[in-house]
Structures are given as C-alpha cells and as structure tokens.
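Engineer: Heads up: the sequence shown at position 2 corresponds to 3 in the numbering used here, and the numbers run straight through without jumps. Using N, Cα and C, we set each Cβ at its ideal position, and we do this for glycine too.
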Amino acid sequence: MKHMVHYNSSGHIESLIAVSGPHGMSAGLTPKPGLLAAEVEGVNIDPGTPDVEAFRKLVKNHKVFAPTARIALEKK
Numbered sequence: 002m003k004h005m006v007h008y009n010s011s012g013h014i015e016s017l018i019a020v021s022g023p024h025g026m027s028a029g030l031t032p033k034p035g036l037l038a039a040e041v042e043g044v045n046i047d048p049g050t051p052d053v054e055a056f057r058k059l060v061k062n063h064k065v066f067a068p069t070a071r072i073a074l075e076k077k
C-alpha cells in the first residue's frame, strides 16, 4: 500500500491518499494549485478496510518534514 499526501508550503497536510495495487505499480497525483504532492514513507496503516480514525489521527498529529516548496536548477 502506498500513502501519499497533498500539503502546502508550510508542511500542513491537506489530504492523505492510500492506494493499494499490485507490486511495482505507479501512481501519480494532481494537487490543487498551491499544493504539493509526495509519497510518504513509514506509515503504519494496514491495507484492507480503511481505518478512518487512524488517518485522521495521522493528519492531525503530523506535518510534512522539510517541505520543498521551491527548488533550484543546476546546470549539468
């Protein structure tokens, strides 16, 4: 199971998305303007029927560590 978030530049999580599929699957997100998307590592929510309270607790008690709102390009 993959867990992804939409978050803002201060790290506030706007939504948490859980996607389950076969090994090696790819998934992409299109966030609303002003939000960023990232895959989350280390989430301990089991696959199967979603535990809504576990999702709410995770979003309420966490934020994205070191959010990347801006990047710089470097010449090769």
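Can you tell which of MET2, HIS13, GLY12 has the C-alpha that lies nearest to the C-alpha of GLY22?
Structural biologist: Along the sequence shown, read from residue 1 onward, the residue named residue 22 stands at position 21. Cα-wise, what sits closest to GLY22 is MET2.
Engineer: Go ahead and label MET5 buried or exposed: buried means 16 or more other beta carbons lie within 10 angstroms of its beta carbon, across all protein chains shown.
Structural biologist: Translated into the one-based positions of the sequence shown, residue 5 becomes position 4. It counts as buried.
Engineer: I need the boundaries of the beta strand (DSSP E) containing VAL41, first residue and last residue.
Structural biologist: To locate residue 41, count along the sequence shown from 1; it is residue 40. 37-41 is the span of the beta strand (DSSP E), which, as asked, contains VAL41.
Engineer: What did DSSP end up calling LEU30 once you bin it into helix, strand or coil?
Structural biologist: In the sequence shown, the residue the question calls residue 30 occupies position 29. The answer is coil: DSSP assigns LEU30 none of H, G, I, E or B.
Engineer: Three-state secondary structure (DSSP) at VAL44?
Structural biologist: The sequence position of residue 44 within the sequence shown is 43, counting from 1. Note: VAL44 maps to coil in three-state DSSP.
Engineer: Can you tell me whether DSSP reads PRO60 as helix, strand or coil?
Structural biologist: The count along the sequence shown starts at 1 and reaches residue 60 at position 59. Reading off the sequence shown, one finds Val at residue 60, where the question assumed Pro. In the structure shown, VAL60 sits in a helix (DSSP, three-state: H, G or I).
Engineer: My guess is that LEU30 and ILE18 are in contact by the Cβ rule of under 8 Å, so how many angstroms apart are they, rounded?
Structural biologist: Translated into positions along the sequence shown, residue 30 becomes position 29. Translated into positions along the sequence shown, residue 18 becomes position 17. Between ILE18 and LEU30 the Cβ distance is about 7 Å, and since that is below 8 Å, they are a contact.
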